[in-house]
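Participant: full-length UniProt numbering applies: residue 1 is where the sequence shown begins, and numbers increase by one. Quick one: structure below, then a few questions.
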Amino acid sequence: MTEAPLRVGVIGARGRMGAQTCQSVVEAPDMDLVAAVGGREWLFSLADADSQVVVDFSHPDVVMEHIRFCLDNNINVVAGTSGFDQDRLDTITDWLQAKPELGVIVVPNFAIGAVLAARFAREAARFFESVEIIELHHAGKADAPSGTAAATARAIAAAREQAGLGPGPDATTIEQPGARGASVDGIRVHSVRLPGLVAHQEVILGTAGETLTIRHDSLDRVSFMPGVLTAIRSVPGRPGLTLGLEQLLGVV
Ligand SMILES: NC(=O)C1=CN([C@@H]2O[C@H](COP(=O)(O)OP(=O)(O)OC[C@H]3O[C@@H](n4cnc5c(N)ncnc54)[C@H](OP(=O)(O)O)[C@@H]3O)[C@@H](O)[C@H]2O)C=CC1
Ligand SMILES: O=C(O)C1=N[C@H](C(=O)O)C[C@H](O)C1
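Have a look at this one:
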């Protein structure tokens, strides 16, 4: 017996990622796109359409409200929107206690190369005195630093702490505000915004006499789609909160 297609809704459907996601869901033989909404005013149509999974590519200011709405209406969530910190993840975990059958997957970056690059950076972190991140994105990006860079920085900081490494040597005594980038858990993150870019990140590690650069480039938003479809297929069978694609792809 063939299974019925998964009923999928998309929030942020008119946006860069939302539009690409709608197209990929329509093309997937095992999914039906049952609702495609811009924002808050049409959220109810996700429930009316009996969505099983909702994918969110909206804005950091509203994504939590969207997740809450979905859980209240018994819908699993794949959240690709940026802006998640530990407080937000803890809040989702609290909400899920009342809905133990539902799943939420929060993914900072759906591109396989980005997932691998973050893993390689985490592995390399303990061998180098210093590390900084440069992330480069299109000029329309809502936030800085990127969610990918923030997640990478947090993972690197945790790996450094576990290895007993303190702050890297940094002799800057005079600097203009911002010149050294933002500090995420003590890791410097520099954000570049330019028309022509899509989504790019370099992790540069340095120690005596050598550097290692781990770079990933998304040149087209199709790079995110295999990961998005994997998360949609997985979430109904993964109750609770899942952070990142690593477990789904076996990159652990
Ligand atoms: N996890 C990943 O791999 C990726 C994540 N992202 C993230 O996805 C998010 C969206 O990116 P992108 O598609 O480029 O952004 P866009 O600006 O192109 O699209 C955002 C969409 O969200 C809607 N939206 C914006 N603000 C609100 C609001 N206040 N309330 C309701 N809806 C709102 C917009 O609606 P309207 O059209 O009506 O303005 C639009 O449809 C970002 O956080 C980005 O960082 C992006 C790429 C990959
Ligand atoms: O806004 C984007 O474009 C992207 N956002 C995500 C992020 O903030 O990390 C993922 C990717 O970098 C593209």
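Just so it is clear, CB atoms sit at the ideal spot from N, CA and C, and this is done for glycine as well. As the structure is a prediction and not an experimental result, all values here were calculated from the model.
Identify which residue in I67, D87, T230 has its Cα closest to the Cα of A79.
Facilitator: For the purposes of this step, residue 79 is taken as residue 79 along the sequence shown, with counting starting at 1. The residue with the shortest Cα to Cα distance from A79 is I67.
Participant: Would you kindly report the start and end of the unbroken alpha helix (DSSP H) that includes I75?
Facilitator: For the purposes of this step, residue 75 is identified with residue 75 of the sequence shown, where counting begins at 1. Neither: I75 is in no alpha helix (DSSP H) and is coded neither H nor E.
Participant: According to DSSP, is S223 helix, strand or coil?
Facilitator: Numbered from 1 along the sequence shown, position 223 holds the residue referred to as residue 223. Three-state result, S223: helix.
Participant: Which residue spans inside the stretch 184–243 form an unbroken alpha helix (DSSP H) run of at least 4?
Facilitator: Fully enclosed alpha helix (DSSP H) runs of 4 or longer: 225–234.
Participant: Residues in its own chain within less than 6 Å of V26 by CB, not counting five upstream and five downstream?
Facilitator: Counting from one through the sequence shown, the residue named residue 26 turns up at place 26. Cβ neighbours of V26 beyond the five flanking positions: L33.
Participant: Is G103 helix, strand or coil by DSSP?
Facilitator: Counting from 1 along the sequence shown, the entry for residue 103 is found at position 103. G103: strand per DSSP, three-state reduction.
Participant: Would a C-beta distance cut-off of 8 Å place V63 and V8 closer than the cut-off?
Facilitator: Looking up residue 63 in the sequence shown gives position 63. Looking up residue 8 in the sequence shown gives position 8. No; because the gap between Cβ atoms is not below 8 Å, this pair is not in contact.
Participant: Below 7 Å CB to CB, which residues in the same chain sit around G240 once its five sequence neighbours on both sides are set aside?
Facilitator: Here the question's residue 240 lines up with position 240 in the sequence shown. Once the five neighbours on either side are set aside, the close Cβ partners of G240 are L96, G103.
Participant: Helix, strand or coil, according to DSSP, for A139 in the structure here?
Facilitator: Residue numbering aside, residue 139 sits at position 139 when the sequence shown is read from its first letter. It is coil, neither helix nor strand.
Participant: Could you give the first and the last residue of the continuous beta strand (DSSP E) run that contains I11?
Facilitator: If you number the sequence shown from 1, residue 11 lands on position 11. Start and end: 6–11.
Participant: Is the closest heavy atom of ligand 1 to the C-beta of T81 under 7 Å?
Facilitator: Looking up residue 81 in the sequence shown gives position 81. Within the cutoff, so yes.
Participant: Report all residues from its chain with a CB closer than 6 Å to the CB of E132; omit the five preceding and five following residues, and keep chain order.
Facilitator: Counted from its first residue, the sequence shown places residue 132 at position 132. Taken in chain order, the residues that qualify are R188, I204.
Participant: How many angstroms separate the CA atom of D170 from the CA atom of G164?
Facilitator: What you label residue 170 is simply residue 170 of the sequence shown in a count that begins at 1. What you label residue 164 is simply residue 164 of the sequence shown in a count that begins at 1. The alpha-carbon atoms of D170 and G164 are separated by roughly 18 Å.
Participant: So S146 packs on H137, CB below 8 Å; how close in whole Å?
Facilitator: Here residue 146 is taken as the residue at index 146 of the sequence shown, counted from 1. Here residue 137 is taken as the residue at index 137 of the sequence shown, counted from 1. The pair is a contact, with the Cβ atoms about 6 Å apart (cut-off 8 Å).
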